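Have a look at the structure below before the remarks.
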Amino acid sequence: MCAGTLRALAYLHANDVIRRDVKAANVMVTQDFTARVGDLGASRDVDLDDTMTRIGSPVYMAPEMLKRRGDARSDVYSLGILLYECLYGDVPFRGESEWEVLRKHETAAPEFPESALPADCEVIRRCLAKQPEDRF
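Once you know that position 125 of the sequence shown is 124 in numbering that gives the first Met the number 0, the rest is easy, because the numbers rise by one and skip nothing.
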């Protein structure tokens, strides 16, 4: 699923489209296990002006989206959340309120189960870097 999602995002980014709402509910898997990214309603052409409304699901939202900024690296952050969810069965940041979850995106480091492979942790940590320039 993640490889197909990566290909879809690479295609969108190569065509100057930022997805802005990468999450499990927007990834469909076909009978032959091909992943498709759907619900492109939140996507935006990178050539549009810089005014962005807050779009996205709080548990998948990159920290910079809270400041109404974002680019392809924001999608990489959300993809890191999705990868964590695929590997470990839940998202890395939960809270009692939307605000608490969003605050964790800004400040908290993901915690990994003891069974997590070091290489997987390294990829996810880089995807979830707080500063966009530190991501893939």
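The beta carbon of each residue, even a glycine, is placed where N, CA and C say it ideally should be.
Everything numeric in this text was worked out from a predicted model, so none of it was measured.
Do three or more CB pairs link the region 112-132 to the region 72-82 at distances below 8 angstroms? yes
Among 71, 101 and 120, the one whose alpha carbon lies nearest that of residue 135: 71
In whole angstroms, what is the alpha-carbon distance linking residue 92 and residue 4? 21 angstroms
Looking at residue 66 and the ligand GTP, is the gap between the Cβ and the nearest heavy atom below 8 angstroms? Among the ligands in the structure shown, none appear at all, so the ligand GTP cannot be discussed.
What whole-angstrom Cβ distance do residue 58 and residue 90 have, given they're in contact under 8 angstroms? 5 angstroms
Outcome for residue 67 when other beta-carbon atoms lying within 10 angstroms are tallied against a minimum of 16: exposed
For residue 90, the three-state DSSP class (helix, strand or coil): coil
Which class does residue 60 belong to by DSSP, given the choice of helix, strand or coil? coil
Pick out the complete alpha helix (DSSP H) segments inside the region 85-130, 4 residues or longer, and give them in chain order. 97-106 and 117-126
Figure out for me which residue from 56, 63 and 86 has the closest Cα to the Cα of residue 112. 86
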